[in-house]
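Numbers in our numbering are just positions in the first sequence, counted from 1, shifted up by 17.
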Amino acid sequence: MRQSQLFTKTRKEAPADEVAKNAQLLIRAGYIYKNMAGAYTFLPLGLRVLGKINTIIREEMDAIGGQELTMPSLQDSELWEKTGRWSDDAVDVWFKSELKAGGVVGLGWTHEEVITNIMKQFIASYKDLPKFPYQIQKKFRNEMRAKSGIMRTREFDMKDLYSFSATQEQHDAFYSACASAYMKVFERFGIGNETYQTFASGGAFSKFSHEFQTLAEAGEDVVYVNEEKGIAVNEEVLEVADLDELGVKREELEMRKSIEVGNIFSLGTKFSEALGLTFTDEQGVECPVIMGCYGIGPARSMGTIVDLLSDEKGIVWPESVAPYRVHLVGINTDDTAVRDWTEGIYNNLKDAGVEILFDDRDARAGEKFADSDLLGIPYRVVASKRGKEEGKFEVVTRKTGEVRMLTEEELYADFGVN
RNA sequence: CGGGGUGUAGCAUAGUGGUAGUGUACGCGGUUUGGGACCGUGUGGUCCGGGUUCGAUUCCCGGCUCCCCGACCA
């Protein structure tokens, strides 16, 4: 992509109406645009990052048997009445709207009811189980207060997977497989070391549920962590009995701020019973399906990555989610020979499949370097007049600041191009 | 939803009951050209609705907006 063609631009100053670091940097760099409180546009660069994040999530969900689908946002009140979750008294985050044809619809804030109803058509026997459908889809929540940039919005993408199992053993096996898959996801996001699988209250059907909390000063949540034992718990699990069960003492836990990037929850048969999702077991007995739900917030993950990994100059993307792998910065391009040489490098890398952003703008070097730092693409390749004379490129690793001078051949080898 | 703030140009900000200023961005001319250059020049603005007043961007009332704290967050 040629930067001169990109319709977004960077800004020197942070917007006055954002305090959160994630939003300030993402807006300054042109990744997102704020439309209103709790609703953001993902601009071309931001959408690429979100796409990378979603791809990682898909790969890990598919690896444990997930099957992707997508469900509607529009919700039928009748279905939700059956589980008692339609009324505003029961659920205070509904967005509801009148249908011109008569009746009311809601905008989905989660999809247990919908997926359960769908699965009624496809699950009849223990032979049909287990199954793990998931989607990455818009959720709408009428929050009292949107805040913290893209961390808490009223409209957001969510990866929600639902498990349908015949037995508790089957359910437990998937539950722990999914927990492992989640850790892989967060490791691939570059925030694995700071992310803990924490114990939270389990609700009606299990002792504990689990959240995935990333330690960060910008966090809205609080967790109690023992880094040595690699264990973390929520405030609600701070009871002595719970801690005994987990093998930690209260005084071994340190209070830390954190961001909830994911959660997994056993649902038991609450939804299958309410909506009549049953299967026939090997004895011919009709049983309710055992369910679980598993969420990850892609945009929130993106904000967390920015909050955790950025520095004073700007964003620092891990390679796994960066919008581009290489930022080719061409300077001294008023010199035709230098420009042609730089264009050649761009075309070679691009044609070889390297994801590359080429700063071909007619701008000064300082401005280009500052923008490059802000954008946070992992590798900056500087092509200049001086470099051309020496036959070398300056390759700067954004994260470490390491500078290497490479020949054209070395450059291609470095990026795995033949 | 309770409390506190806020609203001036694309962005960031100053100021005033009487012609609204600066930086940046943008256009044009010129000098520059490896860390957000410089000179000249130009375009562009008071959240909405009432009220007070000869006159309101300023004062008053109402609304809306956005931010922060709290509550909430299955």
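The C-beta atom is built at its ideal place from N, Cα and C for all residues, glycine as well.
Bear in mind the structure is a predicted one, so any value in this text is a computation, not a measurement.
Query raised in the report: In whole angstroms, what separates the C-alpha of residue 178 from that of residue 282?
Result: Indexing the first sequence from 1 puts residue 178 at position 161. Indexing the first sequence from 1 puts residue 282 at position 265. Approximately 11 Å, taken between the alpha carbons.
Query raised in the report: Hey, out of 298, 230, 103 and 71, whose CA is closest to residue 182's CA?
Result: Start at 1 with the first residue of the first sequence, and residue 182 comes out as number 165. Ranked by how close their Cα comes to the Cα of residue 182, the residues 298, 230, 103 and 71 have 298 in first place.
**Report entry** Residues sharing a beta bridge with residue 104, DSSP
**Finding:** Locating residue 104 in the first sequence gives position 87, where the first residue counts as 1. The partner list for residue 104 (beta bridge, DSSP) is empty, contrary to what the question assumes.
Requested in this report: Might you give, ordered along the chain, the residues of its own chain that have their beta carbon closer than 8 Å to the beta carbon of residue 435, omitting 5 neighbours on each side?
Outcome: What you label residue 435 is simply residue 418 of the first sequence in a count that begins at 1. So the list reads 369 and 429, once near-sequence residues are dropped.
Query raised in the report: What's the C-alpha gap between residue 268 and residue 257?
Result: Within the first sequence, residue 268 is the residue found at index 251, counting from 1. Within the first sequence, residue 257 is the residue found at index 240, counting from 1. Answer to the nearest angstrom: the Cα atoms are 11 Å apart.
**Report entry** Element boundaries [beta strand (DSSP E), containing residue 113]
**Finding:** Stepping through the first sequence from its first residue, residue 113 is reached at position 96. Here the beta strand (DSSP E) through residue 113 covers 112 to 115.
Report task. With DSSP as the reference, label residue 44 as helix, strand or coil. Result -> Here the question's residue 44 lines up with position 27 in the first sequence. Residue state, collapsed to three classes: helix.
Query raised in the report: By Cβ distance below 6 Å, which residues in the same chain neighbour residue 236 in space, the five residues on each side in sequence not counted?
Result: For the purposes of this step, residue 236 is identified with residue 219 of the first sequence, where counting begins at 1. Taken in chain order, the residues that qualify are 274, 275 and 276.
Report task. Taking residue 40 and residue 166 to be in contact with their CB atoms under 8 Å, please state how far apart those CB atoms are, rounded to whole angstroms. Result -> As a first step, residue 40 must be located in the first sequence, where it is residue number 23. As a first step, residue 166 must be located in the first sequence, where it is residue number 149. Yes, residue 40 and residue 166 are in contact; Cβ-Cβ is about 3 Å, under 8 Å.
Query raised in the report: To the nearest angstrom, how far is it from the Cα of residue 87 to the Cα of residue 424?
Result: In the first sequence, counting from the first residue as 1, residue 87 sits at position 70. In the first sequence, counting from the first residue as 1, residue 424 sits at position 407. For residue 87 and residue 424, the distance between alpha carbons rounds to 48 Å.
Query raised in the report: Do you know offhand how far residue 133's Cα is from residue 148's?
Result: Within the first sequence, residue 133 is the residue found at index 116, counting from 1. Within the first sequence, residue 148 is the residue found at index 131, counting from 1. Answer to the nearest angstrom: the Cα atoms are 11 Å apart.
Query raised in the report: From residue 78 to residue 350, what does the alpha carbon distance come to, in whole angstroms?
Result: Counted from its first residue, the first sequence places residue 78 at position 61. Counted from its first residue, the first sequence places residue 350 at position 333. Distance between the alpha carbons of residue 78 and residue 350 is about 46 Å.
Query - Complete alpha helix (DSSP H) runs within the region 224 to 273 (minimum length 4 residues, chain order) - result: 257 to 263
Requested in this report: State the DSSP-derived secondary structure class of residue 80, mapped to helix, strand or coil.
Outcome: For the purposes of this step, residue 80 is identified with residue 63 of the first sequence, where counting begins at 1. The answer is helix: DSSP assigns residue 80 an H, G or I state.
Query raised in the report: Taking the Cβ atom as the reference point for each residue, do residue 74 and residue 322 lie within a distance shorter than 9 Å?
Result: Along the first sequence, one-based indexing puts residue 74 at 57. Along the first sequence, one-based indexing puts residue 322 at 305. Taking 9 Å as the Cβ cut-off, residue 74 and residue 322 do not qualify as a contacting pair.
Report task. Identify whether residue 344 lies in helix, strand or coil by the three-state DSSP scheme. Result -> Start at 1 with the first residue of the first sequence, and residue 344 comes out as number 327. Here residue 344 sits in strand by DSSP.
Query raised in the report: Can residue 123 and residue 91 be called in contact, C-beta distance under 9 Å?
Result: Reading the first sequence from its first residue, position 106 is the one you call residue 123. Reading the first sequence from its first residue, position 74 is the one you call residue 91. The answer is yes: Cβ separation under 9 Å.
Query raised in the report: Using CA coordinates, which residue listed in 31, 160, 187 and 24 is at the minimum distance from residue 61?
Result: The residue given as residue 61 occupies position 44 in the first sequence. With distances taken between Cα atoms, residue 61 lies closest to 24.
Query raised in the report: Opposite residue 395 in the DSSP bridges: which residues?
Result: Here residue 395 refers to the residue found at position 378 of the first sequence. Per DSSP, none; premise fails for residue 395.
Requested in this report: Whole angstroms is fine: what's the gap from residue 121's alpha carbon to residue 391's?
Outcome: Reading the first sequence from its first residue, position 104 is the one you call residue 121. Reading the first sequence from its first residue, position 374 is the one you call residue 391. Between the C-alpha atoms of residue 121 and residue 391 there is a straight-line separation of about 46 Å.
Requested in this report: Tell whether a beta-carbon distance below 9 Å holds between residue 233 and residue 287.
Outcome: Your numbering for residue 233 matches position 216 in the first sequence. Your numbering for residue 287 matches position 270 in the first sequence. In this structure, residue 287 does not lie closer than 9 Å to residue 233 by Cβ.
Query raised in the report: So is residue 20 buried or exposed if we call it buried at 16+ other beta carbons inside 10 Å?
Result: Along the first sequence, read from residue 1 onward, the residue named residue 20 stands at position 3. With 16 or more other Cβ atoms within 10 Å, it is buried.
Query raised in the report: Exposed or buried, residue 198, counting other C-beta atoms within 10 Å across all chains shown (16 or more means buried)?
Result: Taking the first residue of the first sequence as 1, we reach residue 198 at position 181. Buried, because 16 or more other Cβ atoms sit within 10 Å of the Cβ of residue 198.
Query raised in the report: How would you label residue 168, buried or exposed, when you count the other beta carbons within 10 angstroms and need 16 or more for buried?
Result: Counting from 1 along the first sequence, the entry for residue 168 is found at position 151. Residue 168 comes out buried.
Query raised in the report: In chain order, what residues of the same chain have a beta carbon less than 8 Å from the beta carbon of residue 208, not counting five sequence neighbours either side?
Result: Along the first sequence, read from residue 1 onward, the residue named residue 208 stands at position 191. Cβ within range, chain order: 231, 278, 318, 321, 322, 325 and 326.
Requested in this report: Run the CB neighbour count on residue 280, radius 10 Å, all protein chains shown included, and call it buried at 16 or more, exposed below.
Outcome: Locating residue 280 in the first sequence gives position 263, where the first residue counts as 1. Buried, since its Cβ has 16 or more Cβ neighbours within 10 Å.
Query raised in the report: How long is the line joining the alpha carbons of residue 380 and residue 405, rounded to whole angstroms?
Result: Indexing the first sequence from 1 puts residue 380 at position 363. Indexing the first sequence from 1 puts residue 405 at position 388. If I take the Cα positions, the gap works out to 19 Å.
Query - From 107, 394, 89 and 113, residue whose alpha carbon lies closest to that of residue 416 - result: On the first sequence, position 399 is the one that residue 416 refers to. Here the closest residue by C-alpha is 394.
Report task. Provide the residue(s) that pair with residue 313 in DSSP beta bridges, ordered along the chain. Result -> On the first sequence, position 296 is the one that residue 313 refers to. Its beta-bridge partners are 176 and 279.
Query - When 372, 333 and 285 are compared against residue 342, the one with the closest alpha-carbon - result: In the first sequence, residue 342 corresponds to position 325, counting from 1. Comparing Cα-Cα distances from residue 342 to each of 372, 333 and 285, the minimum goes to 372.
Requested in this report: Closer than 8 Å by C-beta to residue 362: which residues in its own chain qualify, once you throw out the five before and the five after it? Chain order, please.
Outcome: Start at 1 with the first residue of the first sequence, and residue 362 comes out as number 345. For residue 362, where only same-chain residues beyond five positions count, the Cβ hits under 8 Å are 345, 398, 400, 410, 425 and 428.
Query raised in the report: Cα-Cα, which of 141, 150, 212 and 336 is closest to residue 69?
Result: For the purposes of this step, residue 69 is identified with residue 52 of the first sequence, where counting begins at 1. Comparing Cα-Cα distances from residue 69 to each of 141, 150, 212 and 336, the minimum goes to 336.
Query raised in the report: Considering residue 56, what are the terminal residues of the beta strand (DSSP E) in which it resides?
Result: Walking along the first sequence from the start, residue 56 turns up at place 39. 56 to 59 is the extent of the beta strand (DSSP E) around residue 56.
Report task. Rounded to whole angstroms, what's the CA-CA distance from residue 22 to residue 116? Just pull it up for me. Result -> Here residue 22 refers to the residue found at position 5 when the first sequence is read from its first residue. Here residue 116 refers to the residue found at position 99 when the first sequence is read from its first residue. Rounded to whole angstroms, residue 22 to residue 116 spans 42 Å at the Cα level.
Query - Cβ contact (3+ pairs, closer than 8 Å) linking the region 106 to 113 and the region 187 to 194 - result: no
Report task. For residue 376, count neighbouring C-beta atoms within 10 Å of its own C-beta (all shown protein chains included) and say buried if the count is 16 or more, exposed if not. Result -> Working through the first sequence from its first residue, we reach residue 376 at position 359. Residue 376 is buried by the Cβ-count criterion.
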